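Note sheet for the following structure.
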Amino acid sequence: GAVVSQHPSWVICKSGTSVKIECRSLDFQATTMFWYRQFPKQSLMLMATSNEGSKATYEQGVEKDKFLINHASLTLSTLTVTSAHPEDSSFYICSAIAGVGNEQFFGPGTRLTVL
Amino acid sequence: EDQVTQSPEALRLQEGESSSLNCSYTVSGLRGLFWYRQDPGKGPEFLFTLYSAGEEKEKERLKATLTKKESFLHITAPKPEDSATYLCAVQANYGQNFVFGPGTRLSVLP
Chain G
1 GAVVSQHPSW
11 VICKSGTSVK
21 IECRSLDFQA
31 TTMFWYRQFP
41 KQSLMLMATS
51 NEGSKATYEQ
61 GVEKDKFLIN
71 HASLTLSTLT
81 VTSAHPEDSS
91 FYICSAIAGV
101 GNEQFFGPGT
111 RLTVL
Chain C
1 EDQVTQSPEA
11 LRLQEGESSS
21 LNCSYTVSGL
31 RGLFWYRQDP
41 GKGPEFLFTL
51 YSAGEEKEKE
61 RLKATLTKKE
71 SFLHITAPKP
81 EDSATYLCAV
91 QANYGQNFVF
101 GPGTRLSVLP
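Quick note, the sequences are listed as chains G and C, same order. Each residue of the first sequence is one higher than the one before, counting from 1 in the numbering used here. Each residue of the second sequence is one higher than the one before, counting from 1 in the numbering used here.
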């Protein structure tokens, strides 16, 4: 199957700092990528849909100025958590659409802890 | 509004004890229904895509089926390594987004 990578795998930062998470499709081009957030023992919550070359579409309740998404190429999307606070601590997962079957392949996730 | 529910919330099986997980959905025009497996601290792993009622797909001990209102993931003679959370998601014809169910946490005891 298609491979999606995320970097970093985990990050610990101080409150007020910004953190950038990268999502790459390694062996395919992805015009659409998704960013999810997942709390412990809960399902995935879609944050935004990222389309290459255009502005991301954010889900209701997700602050676009806080969670900046850039999809500059067909293989890379980035999520920047600006001025992070402890309540932003979570597991962030990206995914990319591959192939005509519309299958969604996920990255391994990034564990963010804000102190 | 598109919705996905899954049952049971958690399931404990003995090794070799077959069972089924349910995914019920409401969507205005189904483009596809997807099953994923997620291990703790990792991203979901793609298992199956089903597109139309009556469709079935198999992979090792897993078999997924689809009707117009629900999908089942049948696990035959499970092994401890099948322990994971199984997620179901639907995608509607009109959009790109995937709506996920809450998942079923499966534990297979040796």
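For glycine and all other residues, C-beta sits at the position ideal for the given N, C-alpha and C. Bear in mind the structure is a predicted one, so any value in this text is a computation, not a measurement.
Interface flag, residue i vs chain A, CB-CB below 7 Å
| i | result |
| --- | --- |
| Glu22/G | Absent from the structure: chain A. Protein chains present are G and C. |
Supposed close pair residue i, residue j - CB separation, criterion 8 Å
| i | j | result |
| --- | --- | --- |
| Leu62/C | Leu50/C | No, Leu62/C and Leu50/C are not in contact; Cβ-Cβ is about 12 Å, not under 8 Å. |
| Phe106/G | Val4/G | 6 Å |
| His71/G | Ser50/G | 4 Å |
| Phe34/G | Cys94/G | 7 Å |
| Ala84/C | Gln14/C | Not quite, the Cβ-Cβ distance comes to about 17 Å (not below 8 Å), so this is no contact. |
Terminal residues of the beta strand (DSSP E) in which residue i lies
| i | result |
| --- | --- |
| Leu115/G | Neither: Leu115/G is in no beta strand (DSSP E) and is coded neither H nor E. |
| Glu22/G | Val19 to Ser25 |
| Ser15/G | That residue, Ser15/G, is in no beta strand (DSSP E); it is neither H nor E in DSSP. |
| Gly109/G | Looking at the DSSP string, Gly109/G is not in any beta strand (DSSP E), and its letter there is neither H nor E. |
| Gln96/C | Premise fails: Gln96/C is in no beta strand (DSSP E) and is neither H nor E. |
| Tyr25/C | Ser19 to Thr26 |
| His85/G | No beta strand (DSSP E) contains His85/G, which DSSP labels as neither H nor E. |
Member of the options whose CA lies at the smallest distance from the CA of residue i
| i | options | result |
| --- | --- | --- |
| Arg111/G | Thr65/C, Gly43/C, Val90/C and Lys69/C | Gly43/C |
| Val90/C | Ser83/C, Ala84/C and Pro102/C | Pro102/C |
| Lys68/C | Leu106/C, Leu33/C and Arg12/C | Leu33/C |
| Gln6/C | Leu73/C, Asn97/C and Pro110/C | Leu73/C |
| Tyr58/G | Ser18/C, Arg105/C, Gly16/C and Asn97/C | Asn97/C |
| Tyr36/C | Phe100/C, Ala92/C and Glu56/C | Phe100/C |
| Glu45/C | Pro110/C, Tyr86/C and Asn93/C | Tyr86/C |
| Ile69/G | Trp10/G, Ile12/G and Ile21/G | Ile21/G |
| Ser18/G | Glu103/G, Phe67/G, Ala96/G and Leu76/G | Phe67/G |
| Thr104/C | Ile75/C, Ser52/C and Ala10/C | Ala10/C |
| Gln6/G | Tyr36/G, Glu63/G and Val62/G | Tyr36/G |
| Ser15/G | Glu103/G, Ser89/G, Asn102/G and Ala96/G | Ser89/G |
| Val11/G | Leu76/G, Val81/G, Gln60/G and Lys41/G | Val81/G |
| Leu21/C | Asp2/C, Cys88/C and Tyr94/C | Cys88/C |
Check: residue i C-beta below 6 Å from any heavy atom of the ligand MN
| i | result |
| --- | --- |
| Tyr86/C | Summarising the ligand content, the structure contains no ligands, and the ligand MN is consequently not present. |
Check whether the region 80-88 of chain G and the region 17-31 of chain C are in contact - that is, three or more C-beta pairs closer than 8 Å. Judged by Cβ distances under 8 Å, the region 80-88 of chain G makes no contact with the region 17-31 of chain C, as fewer than three pairs qualify.
When the Cβ atoms of the region 22-40 of chain G are set against those of the region 59-79 of chain C, are three or more pairs found closer than 8 Å? These segments do not touch.
Of the residues that make up the region 33-66 of chain C, which ones have a beta carbon closer than 8 Å to any beta carbon in chain G? If you check each beta-carbon in the region 33-66 of chain C against every beta-carbon of chain G, the ones closer than 8 Å belong to Phe34, Tyr36, Gly41, Lys42, Gly43, Pro44, Glu45, Phe46 and Thr49.
At a CB distance below 7 Å, what residues from the region 84-103 of chain C approach chain G? Give them in sequence order. Taking 7 Å as the upper bound on Cβ-Cβ separation, chain G lies near residues Leu87, Gln91, Gln96, Asn97, Phe98, Phe100, Gly101, Pro102 and Gly103 of the region 84-103 of chain C.
Give the residues from the region 1-30 of chain C that approach chain G closer than 7 Å (Cβ to any Cβ), ordered along the chain. Listed in chain order, the positions of the region 1-30 of chain C with a beta carbon within less than 7 Å of a beta carbon of chain G would be empty, since no residue qualifies.
Using a Cβ cut-off of 9 Å, which residues of the region 42-71 of chain G contact any Cβ in chain C, in chain order? From the region 42-71 of chain G, only Gln42, Ser43, Leu44, Met45, Leu46, Thr49, Asn51, Thr57 and Glu59 have a Cβ closer than 9 Å to chain C.
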